[in-house]
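Whatever position you read off the sequence shown (first residue = 1), add 42 for the numbering used here. Backbone N, C-alpha and C define an ideal beta-carbon position, used for all residues, glycine too.
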Amino acid sequence: MAEHREYKVIINKSTVPVGTAEKVRNKILENYQGDFDVVSNPEFLREGAVVEDFMKPDRVVVGCSAEKAKKMMQQLYAPFVRQGNPIYFMDERSSELTKYAANS
43 MAEHREYKVI
53 INKSTVPVGT
63 AEKVRNKILE
73 NYQGDFDVVS
83 NPEFLREGAV
93 VEDFMKPDRV
103 VVGCSAEKAK
113 KMMQQLYAPF
123 VRQGNPIYFM
133 DERSSELTKY
143 AANS
């Protein structure tokens, strides 16, 4: 990543402990000074319905602090939420916690 300086969005799709996005951001900053943001974007996939859930999500949760990252995520998900299913934007910690709440 050190030689590529254009804007990057690092997206974490996994269930992770609250605060992981911040830790990832800080770790990257140790070796990289380019323009980037870290986004928490947990998946809500049901066993046996992975492809359908991915292609037609009933909701999309995006945790990001930067407007630039939010716009990029809106563009990324536009084809998948045409049915009017919501995209919920929140901060990274809230997104990480939302996934835990959904799993309980």
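For Val81, the closest C-alpha among the options Asn54, Pro128, Val123, Lys65 is that of Asn54. The bridge partners DSSP lists for Tyr130 are Val103. With contact defined as three or more Cβ pairs closer than 8 Å, the segment 64-80 and the segment 93-104 are not in contact. Under DSSP, Asn54 takes part in a beta bridge, and its partners are Ser82.
Here Gly61 is exposed. Its C-beta has fewer than 16 other C-beta atoms within 10 Å.
Secondary structure at Glu94: helix, using DSSP grouped into helix, strand and coil. Here Met115 really is in contact with Asn83; their C-beta atoms are around 7 Å apart, less than 8 Å.
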